[in-house]
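Novice: Residue numbers (the working numbering): 6 to 324.
Got a structure for you, written out below as structure tokens; questions coming shortly.
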Amino acid sequence: MSLAGRGGRGVSSAGLFITASLVWGSTWLAITFQLGTVAPEVSVTYRFALAALVLGLWCRATGRSLRFARARHPGIAAQGATMFGVNYVVIYWAEQYVTSGLVAVLFSSIVFMNIIASRLFFGTPLTARAMTGATLGVGGVALLFLPELVAAQSGGGAALGIALALLSALLSSIGNMFAVRNQQAGVPVLTGTAWGMAYGAAAAALAAAASGVSWTFDARPAYVGSLVYLALVGSIVAFIAYLTLVQRIGAGPASYTGVATPVLAMALSTLLEGYRWTWVAAAGVVLAVAGNVLVLRPAPKTPAVVPTGANRARASPRR
């Protein structure tokens, strides 16, 4: 909880990026333990209600006020519903139809969505460097999961799963824009996230009510353990790191965690599940890493032109 306790201060941007990517690289697999007995809408409600409670208590214990002006709550609620609530309900739905790896590939399209949305909502320049990096990154992730992409062509529920995964990326991108707007309005990351997760849990509960699903609970260790991990680490730690990164470098570059996450997920699969690499998968990793490096490295600074001779005299201010 040290990262959350500092609100990300003292942690480098690279550290925040690695933290969010590493954690989310493991959550795609953890989500699969949530599926089956408990309806996805209910599991998402449990996850973010627990995360909101723990983060809220942490904020109170560290002297952070949870009070906001009423005018701020609609924006925080919109961020919570799209980034934490409905978005994750749709992700859980998608993983019922297609594999978690394919969902991770499709979710990486958030890189393009955030770049374009930042341009539309905030006038952020749409650079060739950003688009090239996004293309390399998403293309690399697609190569990494090429067998799953090919298998998805068989039809059946795969088409629905693909549509749901893309919808989840769109909802998350909208949530990113609300997050930027809230930060610009002066909403602190920690307390804003605590409220946002509470609103996200409420949105998931409304989705459960609208779907007419039963409110059940799975007491098996796999479900409880994955729920606690997803709430405390996959939600609190990862989102605090990510939203602090958004505050520092913008939603577009920060969304490259969506490219790094599937690559790290496959690294974990290699260690824990005996995944066997192919040259196509290795090429995908190279492309994905290249895309990340291209976009996340600092832009070269244009050297200042130093006037000389008569021009220097003309350029110097009069004293």
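Backbone N, C-alpha and C fix where the C-beta goes; we use that ideal spot for every residue, glycine too.
As the structure is a prediction and not an experimental result, all values here were calculated from the model.
Taking only three categories from DSSP, how would you classify TRP282?
Specialist: On the sequence shown, position 277 is the one that residue 282 refers to. Residue state, collapsed to three classes: coil.
Novice: Among SER219, THR129, VAL110, ASN187, whose alpha-carbon lies nearest the alpha-carbon of LEU141?
Specialist: To locate residue 141, count along the sequence shown from 1; it is residue 136. For LEU141, the nearest C-alpha among the options comes from VAL110.
Novice: Just reading off the alpha helix (DSSP H) that THR50 is part of, what are its end residues?
Specialist: For the purposes of this step, residue 50 is taken as the residue at position 45 of the sequence shown. Looking at the DSSP string, the run of the alpha helix (DSSP H) that includes THR50 is 45-66.
Novice: Here's a check: name, in chain order, each residue in its chain whose Cβ is nearer than 6 Å to the Cβ of ILE115, leaving out the five neighbours to either side.
Specialist: As a first step, residue 115 must be located in the sequence shown, where it is residue number 110. So the list reads ALA174, SER177, SER178, SER260, GLY263, once near-sequence residues are dropped.
Novice: Could you give the distance in angstroms between the alpha-carbon of ARG317 and the alpha-carbon of ALA135?
Specialist: Here residue 317 corresponds to residue number 312 of the sequence shown, with the count starting at 1. Here residue 135 corresponds to residue number 130 of the sequence shown, with the count starting at 1. Because ARG317 carries a pLDDT of 37, less than 50, the predicted location of this residue cannot be relied on, and the following value inherits that uncertainty. Distance between the alpha carbons of ARG317 and ALA135: 37 Å.
Novice: Under the assumption that THR266 contacts LEU21 (Cβ atoms under 8 Å), give the Cβ distance between them as a whole number of angstroms.
Specialist: On the sequence shown, residue 266 is found 261 positions in, with the first residue counted as 1. On the sequence shown, residue 21 is found 16 positions in, with the first residue counted as 1. At roughly 14 Å, the Cβ-Cβ gap does not stay under 8 Å, so THR266 and LEU21 are not in contact.
Novice: Exposed or buried, LEU55, counting other C-beta atoms within 10 Å across all chains shown (16 or more means buried)?
Specialist: Along the sequence shown, read from residue 1 onward, the residue named residue 55 stands at position 50. Classification of LEU55: buried, given that the 10 Å Cβ count is 16 or more.
Novice: Should VAL59 be labelled buried (16 or more other beta-carbon atoms within 10 Å of its own) or exposed?
Specialist: Residue mapping note: residue 59 aligns to position 54 of the sequence shown, counting from 1. So VAL59 counts as buried.
Novice: Contact between the region 40-56 and the region 84-93: three or more CB pairs below 8 Å?
Specialist: Yes, the region 40-56 is in contact with the region 84-93.
Novice: Taking the alpha helix (DSSP H) that ILE254 falls in, what are its first and last residues?
Specialist: The sequence position of residue 254 within the sequence shown is 249, counting from 1. First-last of the alpha helix (DSSP H) with ILE254: 243-254.
Novice: Taking LEU95 as the reference, give the member of VAL155, ALA170, THR42 with the closest Cα.
Specialist: Here residue 95 corresponds to residue number 90 of the sequence shown, with the count starting at 1. A small correction: the amino acid at residue 95 is Val; Leu does not occupy that position in the sequence shown. Answer by Cα proximity: ALA170.
Novice: Is it buried or exposed for PHE222, if we count other Cβ within 10 angstroms and need 16 for buried?
Specialist: As a first step, residue 222 is located in the sequence shown; it is residue number 217 there, counting from the start. When all chains shown are included, PHE222 counts as exposed.
Novice: Where TRP284 and PHE73 are concerned, what is the direct C-alpha to C-alpha distance, given to the nearest angstrom?
Specialist: Locating residue 284 in the sequence shown gives position 279, counting from the first residue. Locating residue 73 in the sequence shown gives position 68, counting from the first residue. Distance between the alpha carbons of TRP284 and PHE73: 53 Å.
Novice: In angstroms with no decimal places, state the Cα-to-Cα distance between ARG65 and PHE89.
Specialist: In the sequence shown, the residue the question calls residue 65 occupies position 60. In the sequence shown, the residue the question calls residue 89 occupies position 84. One C-alpha to the other measures close to 22 Å.
Novice: When you compare only the Cα positions, how much space is there between ALA227 and GLY205?
Specialist: Indexing the sequence shown from 1 puts residue 227 at position 222. Indexing the sequence shown from 1 puts residue 205 at position 200. One C-alpha to the other measures close to 24 Å.
Novice: Would you list, in sequence order, the uninterrupted alpha helix (DSSP H) runs of no fewer than 4 residues that lie entirely inside the region 91-148?
Specialist: Listed in chain order, the complete alpha helix (DSSP H) runs (minimum 4 residues) inside the region 91-148 are 91-99, 105-112, 115-127.
Novice: Check the Cβ-Cβ distances between THR37 and every residue of chain C, and say whether any is below 8 Å.
Specialist: Structure shown: chain C not included; a single protein chain is present.
Novice: Would you tell me roughly how many angstroms separate the C-alpha atoms of GLN101 and ILE167, rounded to the nearest one?
Specialist: Position 96 of the sequence shown, counted from the first residue, corresponds to residue 101. Position 162 of the sequence shown, counted from the first residue, corresponds to residue 167. Computed Cα separation, rounded: 11 Å.
Novice: Assign GLY68 to one of two classes, buried (16 or more other C-beta atoms within 10 Å of its C-beta) or exposed (fewer than that).
Specialist: As a position in the sequence shown, residue 68 is number 63, starting the count at 1. It is exposed - the Cβ of GLY68 has fewer than 16 other Cβ atoms within 10 Å.
Novice: Pick helix, strand or coil for LEU40, following the three-state DSSP scheme.
Specialist: On the sequence shown, residue 40 is found 35 positions in, with the first residue counted as 1. Coil.
Novice: Would you call the CB atoms of GLY296 and SER123 closer than 8 Å?
Specialist: Within the sequence shown, residue 296 is the residue found at index 291, counting from 1. Within the sequence shown, residue 123 is the residue found at index 118, counting from 1. The answer is no: Cβ separation not under 8 Å.
Novice: Rounded to whole angstroms, what is the Cα-Cα separation between SER70 and ALA57?
Specialist: Indexing the sequence shown from 1 puts residue 70 at position 65. Indexing the sequence shown from 1 puts residue 57 at position 52. The alpha-carbon atoms of SER70 and ALA57 are separated by roughly 14 Å.
Novice: Beta-carbon within less than 7 Å of ALA19's beta-carbon, same chain only, minus the 5 sequence neighbours each way: which residues are those?
Specialist: Stepping through the sequence shown from its first residue, residue 19 is reached at position 14. For ALA19, where only same-chain residues beyond five positions count, there are no Cβ hits under 7 Å.
Novice: Taking ALA184 as the reference, which of VAL43, PHE244, PHE112, THR104 has the closest Cα?
Specialist: As a working note, residue 184 is residue 179 in the sequence shown. Considering only alpha carbons, the answer is PHE244.
Novice: Excluding five sequence neighbours on each side, which residues of the same chain lie with their C-beta closer than 7 Å to the C-beta of GLY217?
Specialist: As a position in the sequence shown, residue 217 is number 212, starting the count at 1. Excluding positions up to five away in sequence, the list is empty.
Novice: Considering only C-alpha positions, which residue in the set TRP29, SER219, ALA293 is nearest to PRO45?
Specialist: Position 40 of the sequence shown, counting from 1, holds the residue named residue 45. Selected option, being the one with the closest Cα: SER219.
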